[in-house]
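For reference, the structure is listed below as structure tokens.
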Amino acid sequence: MDADSSASKTALMVCAYRARASRWDKPLFIDPWAEALAGSDGHDIAKRLDARFPPMEMWLALRVAYLDHLVDLAVDRLSIRQVVILGAGYDTRAARLPRAGVRFFEVDHPATQASKRERLAKLDGYPVDAARYVSCNFEREDPIDRLAANHFDLREPALVIWEGVVPYLTEAAVRATASRLATGLDPRSLVAFDFVGKRLAEGHSLSDKDKQTRDYVGELGEPIRYGTDDVLPLLVDCGFRWVRSLDFNELALEMLGDYKRDRQFRFQHLALAAARTPVAGWP
Ligand SMILES: C[S@@+](CC[C@H](N)C(=O)[O-])C[C@H]1O[C@@H](n2cnc3c(N)ncnc32)[C@H](O)[C@@H]1O
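The numbering of the sequence shown is the numbering used here, which starts it at 3 and goes up by one.
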């Protein structure tokens with residue numbers, strides 16, 4: 003997003019999918035705030051994507067559930083007490099996953115953050131003070147400097163969740179941000195992010211549905227700009243020395259107990275990265 007962009011529409015869209023996934027018979031997570039936060043505008047944007055990309059709700063649900071689980075793992079197994087949500091959109095983890103002594107920081111483009119705070123203020127009972135709000139445009143600002151200016155403790159480790167953001171950034175911003183996370187955070191920190199493959203990012207040899215999906219987010223004003231089929235070299239270049247890549251079919255197998263080819267998880271990936279091995283044998 004550029005400096006003068008309006009609030010992210012894709013953030014409202016994924017918020018609507020979180021609301022829908024929260025209503026499953028056997029939900030992988032429950033976000034009690036998503037329905038009201040997404041509003042009818044968020045649901046309309048999501049409905050228009052459904053025809054183009056039916057697996058979106060399932061993909062989102064797996065991603066959210068895995069990253070929620072990672073918060074618990076980081077707190078319980080890595081003794082982490084700072085959780086940073088980069089490009090937070092309408093994320094509600096600070097309210098949904100409070101843990102004693104754990105501080106949440108939500109970092110986002112100023113336009114999206116302002117819109118979120120307006121929507122939160124209208125919600126009855128939402129604990130707005132559960133997170134500290136830090137504005138940052140990743141295309142031109144340094145998230146570590148912005149965090150440090152907002153009471154983040156650089157001497158303590160953090161879990162950084164960078165969910166649904168990397169595809170929308172230029173490669174330069176992805177590299178600059180990842181480099182700062184690798185070198186500016188305490189080395190016990192862990193970074194988790196999702197990304198898409200190169201074909202989707204570049205628009206080459208796509209199925210009709212994948213092309214329509216790519217075009218749709220572009221029409222929302224948030225074109226997909228970056229994707230890779232080879233994330234390890236990028237992360238090593240940026241300074242990370244421990245990397246794990248995860249596949250959504252494997253996550254579905256673990257969380258839902260089956261494999262279905264027609265879920266169409268062709269271009270989505272998750273990565274974990276740290277400046278050194280978090281703990282032996284983990285995760
Ligand atoms: C698809 S939304 C994901 C929101 C949230 N992480 C989630 O999963 O619900 C994309 C997010 O990336 C943020 N974003 C996009 N470009 C950005 C930039 N240049 N600087 C900061 N944030 C950016 C948007 O503001 C938005 O919150």
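Glycine is no exception: its CB is placed at the ideal position from the N, C-alpha and C atoms. The structure displayed is predicted, hence computed values, not measured ones.
Quiz item: How about GLU120: is its Cβ closer than 8 Å to a heavy atom in ligand 1?
Solution: In the sequence shown, counting from the first residue as 1, residue 120 sits at position 118. GLU120 Cβ: outside cutoff for every heavy atom of ligand 1.
Quiz prompt | Separation of HIS271 from SER191, as counted between CA atoms | solution = The residue given as residue 191 occupies position 189 in the sequence shown. The residue given as residue 271 occupies position 269 in the sequence shown. Taking the straight line from one Cα to the other gives about 21 Å.
Quiz item: Once you ignore the five residues that flank VAL198 on each side, which residues in its own chain have a CB closer than 7 Å to its CB?
Solution: Start at 1 with the first residue of the sequence shown, and residue 198 comes out as number 196. Within the same chain, VAL198 has close Cβ partners PRO169, ILE226, GLY229, PHE269, GLN270.
Quiz prompt | Residues near VAL245 by beta carbon distance below 6 Å, same chain, minus five either side | solution = Counting from 1 along the sequence shown, the entry for residue 245 is found at position 243. So the qualifying residues of the chain are LEU234, LEU237, ALA275.
Self-check item: Environment of LYS118 [buried if 16+ CB atoms lie within 10 Å]
Solution: Start at 1 with the first residue of the sequence shown, and residue 118 comes out as number 116. With 16 or more other Cβ atoms within 10 Å, it is buried.
Quiz item: Is the region 103-112 touching the region 121-140, taking contact as three or more C-beta pairs under 8 Å?
Solution: yes
Quiz prompt | Three-way DSSP call (helix, strand, coil) for HIS206 in this model | solution = Along the sequence shown, one-based indexing puts residue 206 at 204. Note: HIS206 maps to coil in three-state DSSP.
Quiz item: Within this structure, are the beta carbons of LEU125 and PRO159 separated by less than 9 Å?
Solution: Counting from 1 along the sequence shown, the entry for residue 125 is found at position 123. Counting from 1 along the sequence shown, the entry for residue 159 is found at position 157. Cβ distance not < 9 Å, so LEU125 and PRO159 don't count as in contact.
Quiz item: Is it a yes or a no for the region 245-259 touching the region 34-53, going by three-plus beta-carbon pairs under 8 Å?
Solution: no
Exercise. State yes or no: is the C-beta of LEU223 nearer than 8 Å to some heavy atom of ligand 1?
Key: Position 221 of the sequence shown, counted from the first residue, corresponds to residue 223. Correcting the residue identity first, residue 223 is Gly in this sequence and not Leu. Because no heavy atom of ligand 1 lies under 8 Å away, the Cβ of GLY223 does not count as near it: no.
Practice problem: Tell me GLU108's beta-bridge partners as DSSP assigns them. | Solution: Position 106 of the sequence shown holds residue 108. For GLU108, which the question treats as bridged, DSSP gives the partners ILE87, TYR135.
Exercise. Confirm, please, whether the CB-CB distance from ALA178 to ASP144 is below 9 Å.
Key: Here the question's residue 144 lines up with position 142 in the sequence shown. Here the question's residue 178 lines up with position 176 in the sequence shown. Contact flag set, yes.
Quiz item: Measuring CB to CB, does GLY241 end up less than 9 Å from ALA175?
Solution: Position 239 of the sequence shown holds residue 241. Position 173 of the sequence shown holds residue 175. No, the pair does not count as a contact, with Cβ atoms beyond the cut-off.
Practice problem: Write down every uninterrupted run of the alpha helix (DSSP H) in the region 205-235 whose length is 4 residues or greater and which is fully enclosed by it, in chain order. | Solution: 210-221
Quiz item: In chain order, what residues of the same chain lie with their CB nearer than 7 Å to the CB of ARG278, ignoring the 5 residues before and after it?
Solution: Counted from its first residue, the sequence shown places residue 278 at position 276. Excluding residues within five positions, the ones whose Cβ falls inside 7 Å are PRO189, ARG243, TRP244.
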